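Take a look at the structure below.
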Amino acid sequence: MSSSATVHYRADGSVETAAVEPLYPMATVVYFQCVFAAITLILVAGSLLGRMSFLAWMIFVPLWLTFSYTVGAFSLWGGGFLFHWGVIDYCGGYVIHVSAGIAGFTAAYWVGPRAQKDRERFPPNNILFTLTGAGLLWMGWAGFNGGGPYAANSVASMAVLNTNICTAMSLIVWTCLDVIFFKKPSVVGAVQGMITGLVCITPAAGVVQGWAALVMGVLAGSIPWYTMMILHKRSKILQRVDDTLGVFHTHGVAGLLGGLLTGLFAEPTLCNLFLPVADSRGAFYGGAGGAQFGKQIAGGLFVVAWNVAVTSLICLAINLLVPLRMPDDKLEVGDDAVHGEEAYALWGDGEMYDVTKHGSDAAVAPVVV
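Take the sequence shown: its letter number 98 is residue 98 in the UniProt record's numbering, and every next letter is one higher.
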């Protein structure tokens, strides 16, 4: 089964011919979109690590995917009302990253914080693996954003170039801010800056010029840095909610920032190649650009409000059936160890659940949820 090629129009109204086959398999599109949905849930999980019941998570995943993610995806990508109104989300700044950041933060509120000792000491697992994963993520994002038009055309090529420009600048800015305020650079900080750059450019990648991607990189490396490093310590609500991996900052804030900046910097010619609404443009280009910025604000607010409401309802409903949170005595053992498994079996207090003790009663210990 196949779908017709995506049609892009040049400024003079002529059709741009993609340098690929005119048809692409529907199975490819299905898989591409399934991966988008899957990565969004993985990001949400980053806010809930270390204390959410595994059974509750298994219930949460299909409910949230159906009633929260799908609504945002179809509204902005699937021919929905935001899409036809002209809200720009090139490759998921709102659909994926704002959704994940807001849903993760909301769910973390309802689940509650980790044990205090885990919040006070939470060192990276392995810096070398962090760098390896970061490199793979950066490389893979070229396919993430470059694949957005479903065609090898000028929009796709601009998206890949802008992705690298914004990400590199964001990494540099974040690292410089670490040096200025904390007197030393940080590998983890550099990776955070890389991620915020990737996230920020995602809603705009194929519809902005290179200079705009550079500006977006500066803002992507500074505004999420401020919310994570400064504002987080001053805000009572941010302190109260235990967002384990800071998904709210690196994805929620950066994604919303990218969507709003798209409303400023979206270039008319590139917009005409990609968008269903004629004469779309960012506010920087005058004309109806001010209206575009307003649409970006409205689209972002819709995604935020929908995720807060639906995620809250899902968490409250699940809590009526099973506890959202693991019992404190199990958290003392560890959320991995209670299942009889640990990433590193060199330490830990999980002996009572150790399934590696062959022939012992522990070998048939039940999975604790």
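The C-beta atom is built at its ideal place from N, Cα and C for all residues, glycine as well. Note that this is a predicted model, so its numbers are computed, not measured.
Query: When DSSP labels each residue in this structure, what does residue 384 get in the three-state scheme?; Result: Any property of residue 384 remains undetermined from this structure, which presents the chain solely from 1 to 369.
Query: Is residue 99 buried or exposed, if buried means 16 or more other CB atoms sit within 10 Å of its CB?; Result: buried
Query: For my contact list, residue 206 and residue 149 are in at a C-beta cut-off of 8 Å; report their separation, rounded to the angstrom.; Result: 6 Å
Query: Three or more C-beta pairs closer than 8 Å, one from the stretch 160-177 and one from the stretch 185-201: is that the case here?; Result: yes
Query: Can you tell me whether residue 296 is buried or exposed, with buried defined as 16 or more other CB within 10 angstroms of its CB?; Result: buried
Query: For the putative contact between residue 51 and residue 326, defined by C-beta atoms under 8 Å, what is the C-beta separation to the nearest angstrom?; Result: 6 Å
Query: Report the three-state DSSP secondary structure of residue 114 (helix, strand or coil).; Result: coil
Query: By the three-class DSSP mapping on this structure, what secondary structure does residue 121 have?; Result: coil
Query: Look up residue 169 in the DSSP assignment and give the residues it is bridged to.; Result: Residue 169 is not bridged to any residue.
Query: Out of 279, 143, 294, 64, state which residue places its alpha-carbon closest to the alpha-carbon of residue 12.; Result: 279
Query: Output yes or no for whether 9 Å exceeds the beta carbon distance between residue 67 and residue 314.; Result: yes
Query: Please tell me whether residue 230 and residue 201 are closer than 9 Å, where the distance is taken between their beta carbons.; Result: no
Query: Measure the alpha-carbon distance for residue 282 versus residue 273 and round it to whole angstroms.; Result: 15 Å
Query: Who are the Cβ neighbours of residue 300 in its own chain at under 8 Å, not counting the five residues just before and after it?; Result: 94, 98, 256, 259, 260
Query: Residues in its own chain within less than 8 Å of residue 105 by CB, not counting five upstream and five downstream?; Result: 47, 241, 243, 247, 248, 252
Query: Using beta-carbon positions only, say whether residue 90 and residue 262 come within less than 9 Å of one another.; Result: yes
Query: Work out the CA separation of residue 151 and residue 31 for me, nearest whole Å.; Result: 16 Å
Query: Quick one: Cα of residue 38 to Cα of residue 233, how far?; Result: 31 Å
Query: CA-CA distance, residue 310 and residue 203?; Result: 23 Å
Query: For residue 62, does the three-state DSSP call read helix, strand or coil?; Result: helix
Query: Just checking my contact of residue 162 with residue 221 at CB under 8 Å: how many whole Å lie between their CB atoms?; Result: In fact, because the Cβ distance is near 15 Å, the residues do not count as touching under 8 Å.
Query: Residue 268 bridges to which residues according to DSSP?; Result: Residue 268 pairs with nothing; no bridge assigned.
Query: Once DSSP output is grouped into helix, strand and coil, what is the label at residue 52?; Result: strand
Query: What's the gap between the Cα of residue 102 and the Cα of residue 87?; Result: 19 Å
Query: Can you tell me which of the three DSSP states residue 281 falls into?; Result: coil
Query: If you run the structure through DSSP and keep just helix, strand and coil, what is residue 372?; Result: Residue 372 lies beyond the residue range present for the chain, which begins at 1 and ends at 369; the question has no answer from this structure.
Query: By the 10 Å Cβ neighbour count, where 16 or more other Cβ atoms means buried, how is residue 235 classified, buried or exposed?; Result: exposed
Query: If you draw a straight line from the alpha carbon of residue 84 to that of residue 330, how long is it in whole angstroms?; Result: 49 Å
Query: If we ignore side chains and look at the alpha-carbon of each, how far apart do residue 33 and residue 122 end up?; Result: 33 Å
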